[in-house]
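Student:
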Amino acid sequence: MESIVKPTPLVYSEFLSGHAAQPVYLKLEQSHPTGSFKIRGAANKLLSLTDEEKQRGVTTFSTGNHGIATAYVAGRMGIPCTVCLSHRVPEAKLGRLKRLGAAVEQTGVSQDEAAVRCRELEAEKGMTVVEPFDDPAVIAGQGTIGLELMEQLPNVREVVIPLSGGGLLSGIGLVLKKADPAISITGVTMERSAVMQTSLKKGAVVTLEEEDTLADSLLGGIGEDNRYTFSMTRSLMDKGVLLPEERIKEGLYSLLDHHKMVVEGAAAVGAGYLLDQPIPEGPVVLIITGNNVDTHTVKTWMDS
Ligand SMILES: *Cc1c(COP(=O)(O)O)cnc(C)c1O
Numbered sequence: 001m002e003s004i005v006k007p008t009p010l011v012y013s014e015f016l017s018g019h020a021a022q023p024v025y026l027k028l029e030q031s032h033p034t035g036s037f038k039i040r041g042a043a044n045k046l047l048s049l050t051d052e053e054k055q056r057g058v059t060t061f062s063t064g065n066h067g068i069a070t071a072y073v074a075g076r077m078g079i080p081c082t083v084c085l086s087h088r089v090p091e092a093k094l095g096r097l098k099r100l101g102a103a104v105e106q107t108g109v110s111q112d113e114a115a116v117r118c119r120e121l122e123a124e125k126g127m128t129v130v131e132p133f134d135d136p137a138v139i140a141g142q143g144t145i146g147l148e149l150m151e152q153l154p155n156v157r158e159v160v161i162p163l164s165g166g167g168l169l170s171g172i173g174l175v176l177k178k179a180d181p182a183i184s185i186t187g188v189t190m191e192r193s194a195v196m197q198t199s200l201k202k203g204a205v206v207t208l209e210e211e212d213t214l215a216d217s218l219l220g221g222i223g224e225d226n227r228y229t230f231s232m233t234r235s236l237m238d239k240g241v242l243l244p245e246e247r248i249k250e251g252l253y254s255l256l257d258h259h260k261m262v263v264e265g266a267a268a269v270g271a272g273y274l275l276d277q278p279i280p281e282g283p284v285v286l287i288i289t290g291n292n293v294d295t296h297t298v299k300t301w302m303d304s
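With UniProt numbering applied, the sequence shown covers 1 to 304.
(1) Whole beta strand (DSSP E) runs in the segment 176–260 with 3 or more residues, listed along the chain?
(2) Write down every uninterrupted run of the beta strand (DSSP E) in the segment 71–110 whose length is 3 residues or greater and which is fully enclosed by it, in chain order.
(3) Comparing the CB of Leu168 with every heavy atom of ligand 1, is any distance shorter than 6 Å?
(4) Excluding the 5 residues preceding and the 5 following Ser199 in the sequence, name in chain order all residues of the same chain whose CB lies nearer than 7 Å to its CB.
(5) What number of angstroms, rounded off, separates the C-alpha of Ile4 from the C-alpha of Gly95?
(6) Give the straight-line distance between the Cα atoms of Pro7 and Ser304, rounded to the nearest whole angstrom.
(7) Do Gly141 and Gly41 count as a contact pair if the criterion is CB distance below 7 Å?
(8) What residue range is occupied by the uninterrupted alpha helix (DSSP H) comprising Pro136?
(9) Sorry if obvious, but does the Cβ on Leu163 come closer than 6 Å to a heavy atom of ligand 1?
(10) Would you kindly check if the distance between the Cβ of Ile288 and the Cβ of Gln30 is under 7 Å?
(11) Please state whether DSSP places Arg61 in a helix, a strand or coil.
(12) Over what stretch of residues does the alpha helix (DSSP H) that includes Leu274 continue unbroken?
(13) Do residue 345 and Val83 have their C-beta atoms closer together than 7 Å?
(14) Would you check if the segment 273–280 and the segment 60–73 touch, i.e. whether three or more CB-CB distances between them fall below 8 Å?
(15) For Leu49, collect the residues of the same chain with a Cβ closer than 8 Å to its Cβ; drop the 5 residues on either side in sequence, then sort them by chain order.
(16) Would you report the Cα separation of Glu210 and Pro280, rounded to the nearest angstrom?
(17) Excluding the 5 residues flanking Cys118 on each side, which residues of the same chain have their C-beta closer than 6 Å to its C-beta?
Here it is as structure tokens:
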């Protein structure tokens, strides 16, 4: 995996430390060549395939970042790749996928509909579906962030993780809780269409309509037949936070103003959460998950 995925920096945030009343660090996952942490899970999964599976190729569905990561890793390894996307996926992500040389199929208006097309390709052509989160190899790949954190900041007390399907939280949570069960795991989602957190409250997987949000990478269902991440998130997450759009925007602005970082909405939910939230125990790490935005999107944030 080291040949494809490099460790990412951890930087101190003076501004957010002031707000949280604890030392706050940012784990810069936007610094991967694909602009998000999803390269970790994709690389671990593709490296686990047999030669025959590699020849038949891979397919995936995603709100963008997982598709980009899978396409990139497949390209590096010479594996054929088809990405199925909904029509809601932003233009920047679409263009990037095509430039990576993947075949792209657009269908429907939700990730769940793109997933159906993916299964068809699996049945028709024997392609391996690279799950965006609900797969042990993908979860373990995302967990390498936890391994890096243990070296970079062994005394970490709380990790704040943007939460969608829960692969990221499950991987990091598994590694860190094993090292020290007292490390607190906080999952943050937007209020709109928060499928995992709503499912956890109900005690069963729910389906919600996708609403527009600044954190578009956190949209998407968790799968009615979810096998791993629902139960893992339930047991590993100490605290679940739901953020209004206004707070996500404040998070974005704080990263831009104080760190000169342009990231996507999903990556800024942790900063939004910390802004008016004193934290009982530090150091705290925010996972800055990705930066796939375009000028047009940034302009709409500025104007709104
Ligand atoms: C996928 C993604 C997440 C959430 O990861 P899950 O494993 O689905 O919970 C957060 N931020 C960004 C930028 C992502 O692409």
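Even glycine gets a Cβ: it sits at the ideal position worked out from N, Cα and C.
Tutor: Once the coordinates are examined:
(1) 184–190, 239–243
(2) 81–85, 103–106
(3) The count along the sequence shown starts at 1 and reaches residue 168 at position 168. Answer for Leu168: yes, Cβ within range of ligand 1.
(4) As a position in the sequence shown, residue 199 is number 199, starting the count at 1. Answer for Ser199: Val205, Val206, Ile222, Phe230, listed in chain order.
(5) Indexing the sequence shown from 1 puts residue 4 at position 4. Indexing the sequence shown from 1 puts residue 95 at position 95. Separation of Ile4 and Gly95 (C-alpha to C-alpha, rounded to the nearest whole angstrom) is 22 Å.
(6) If you number the sequence shown from 1, residue 7 lands on position 7. If you number the sequence shown from 1, residue 304 lands on position 304. Pro7 and Ser304: Cα-Cα distance of roughly 36 Å.
(7) The residue given as residue 41 occupies position 41 in the sequence shown. The residue given as residue 141 occupies position 141 in the sequence shown. Yes, Cβ-Cβ distance for Gly41 and Gly141 is below 7 Å.
(8) Start at 1 with the first residue of the sequence shown, and residue 136 comes out as number 136. Start and end: 136–152.
(9) For the purposes of this step, residue 163 is identified with residue 163 of the sequence shown, where counting begins at 1. It does: the Cβ of Leu163 is within 6 Å (strictly closer) of some heavy atom of ligand 1.
(10) The sequence position of residue 30 within the sequence shown is 30, counting from 1. The sequence position of residue 288 within the sequence shown is 288, counting from 1. Contact flag set, yes.
(11) As a working note, residue 61 is residue 61 in the sequence shown. It should be noted that the sequence gives Phe, not Arg, for residue 61. Phe61 sits in a strand when the DSSP states are folded into three classes.
(12) On the sequence shown, residue 274 is found 274 positions in, with the first residue counted as 1. Per DSSP, Leu274 belongs to the alpha helix (DSSP H) from 269–275.
(13) It is not possible to answer for residue 345, since the shown part of the chain is limited to 1 through 304.
(14) Segments in contact, no.
(15) For this step, residue 49 is matched to residue 49 along the sequence shown. Shown here for Leu49: same chain residues with a beta carbon closer than 8 Å to its own, the five before and five after excluded, namely Val58, Ile79, Thr128 in chain order.
(16) As a first step, residue 210 must be located in the sequence shown, where it is residue number 210. As a first step, residue 280 must be located in the sequence shown, where it is residue number 280. Approximately 34 Å between the Cα atoms of the pair.
(17) Taking the first residue of the sequence shown as 1, we reach residue 118 at position 118. Taken in chain order, the residues that qualify are Thr59, Phe61, Cys84, Val129.
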